[in-house]
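Engineer: Here you go, one structure.
Residue numbers (the working numbering): 257 to 539.
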């Protein structure tokens, strides 16, 4: 049973990046064996390949976003996708298993990855607020303020992760009997979920009250559904996939795929509500 602030059960059920910060002997009973490519052992080949595909396709999404010059929140969306690319890059590094021999470097990359996850949640939430145009989008005040907030979150989460991994101050130390870290539990699990749910609620209100359209909501809700399915694969089904394949793969590759589809649908949702002509979306 999952307890607030505890990662014991979570690290037992799935190979999560945050588990790299803890003592692996105590953190999880299961470890991916992966595949051997020549003399190299890649522990999570499937997830690395899906993440690479998502990274390449996200570059295309950024280009598509860039050419929508008159769209509301264009620069803010580009920042969101750039951070997502950075997240995928660190994910490939931390999940491939290439750094298993260098635990110190692996923990540093994991800290960066956790910081980017929390930062991505912040950017998603800010994009929802920008849509209401309470402040003019694309300005120094808008983009600069969002970037400053993103930097603060990234540094804060990264510091907590590094302190946890190397026990710099002892403030976030975990014992051998339990893996408890309330700040990381909130910032890694609860904060992103809060941001996603709030984004859906705010965008639903925006579409229904401001645009008077309903069809774009199909993209929005499909995005949320894909995100939810991804979490089910990661936190519920992953252990069973790993057991059934003798440690070759787990649910992380499917989680990465569905989260990418969620990001893709966010783009299509945003693109649909920033069209100059909404006649195509009228019922």
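Quick reminder that beta carbons are idealized off the backbone N, C-alpha and C, glycines included.
Bear in mind that the values here come from a model prediction, so they are computed numbers and not experimental data.
(1) CB residue 329 to CB residue 386, shorter than 9 Å?
(2) Determine the contact status of residue 440 and residue 466, defining contact as a CB-CB distance below 9 Å.
(3) Which residues does DSSP pair with residue 436 in a beta bridge?
(4) When burial is assigned at 16 or more other CB atoms within 10 Å of the CB, is residue 542 buried or exposed?
(5) Mapping the DSSP letters down to three states, classify residue 487 as helix, strand or coil.
(6) Looking at residue 519 and residue 310, is the spacing between their C-beta atoms short of 9 Å?
(7) Check the C-beta distance from residue 326 over to residue 370 and give it rounded, since I have them as a contact under 8 Å.
(8) Tell me whether residue 358 sits in a helix, a strand or coil according to DSSP, three-state version.
(9) Taking 9 Å as the threshold (beta carbon to beta carbon), is residue 263 in contact with chain C?
(10) Is residue 502 buried or exposed, if buried means 16 or more other CB atoms sit within 10 Å of its CB?
(11) Residue 459 lies in the alpha helix (DSSP H); which residues open and close that run?
(12) I'd like to check one pair, residue 475 with residue 525: are the Cβ atoms closer than 9 Å?
(13) Nearest CA to the CA of residue 306: which residue from 361, 347, 362?
(14) State buried or exposed for residue 265, treating a residue as buried only when at least 16 other CB atoms are found within 10 Å of its CB.
(15) Indicate the three-state DSSP secondary structure (helix, strand or coil) for residue 384 in the structure shown.
(16) By the three-class DSSP mapping on this structure, what secondary structure does residue 414 have?
(17) Taking the continuous alpha helix (DSSP H) assigned at residue 500, which residues delimit it?
(18) Count the other C-beta atoms from every protein chain shown that fall within 10 angstroms of the C-beta of residue 363, then say buried if there are 16 or more, exposed otherwise.
(19) Just to check my reading of the structure: residue 463 and residue 473 have Cβ atoms closer than 8 Å, yes? What is that Cβ distance to the nearest angstrom?
(20) Given a threshold of 16 other Cβ atoms within 10 Å of its Cβ, counted over all protein chains shown, does residue 269 qualify as buried or as exposed?
(21) With a threshold of 16 other CB atoms inside 10 Å of the CB of residue 514, please say whether the residue is buried or exposed.
(22) Can you tell me the Cβ-Cβ gap for residue 271 and residue 527, rounded? I've got them flagged as a contact below 8 Å.
Structural biologist: On the basis of the supplied data:
(1) A contact, by the Cβ cut-off of 9 Å.
(2) no
(3) Residue 436 is bridged to 262.
(4) The first residue shown for the chain is 257 and the last is 539, placing residue 542 beyond what the model contains.
(5) helix
(6) yes
(7) Incorrect: roughly 36 Å between the Cβ atoms, too far for contact.
(8) Residue 358 falls in the coil class under three-state DSSP.
(9) Checking the listed chains, one finds no chain C in this structure; it contains a single protein chain.
(10) exposed
(11) 447-462
(12) Result yes, Cβ atoms of residue 525 and residue 475 sit closer than 9 Å.
(13) 347
(14) exposed
(15) helix
(16) helix
(17) 494-500
(18) Within a 10 Å sphere around the beta-carbon of residue 363 sit 16 or more other beta-carbons, which makes this residue buried.
(19) 6 Å
(20) buried
(21) buried
(22) About 34 Å; that fails the 8 Å criterion.
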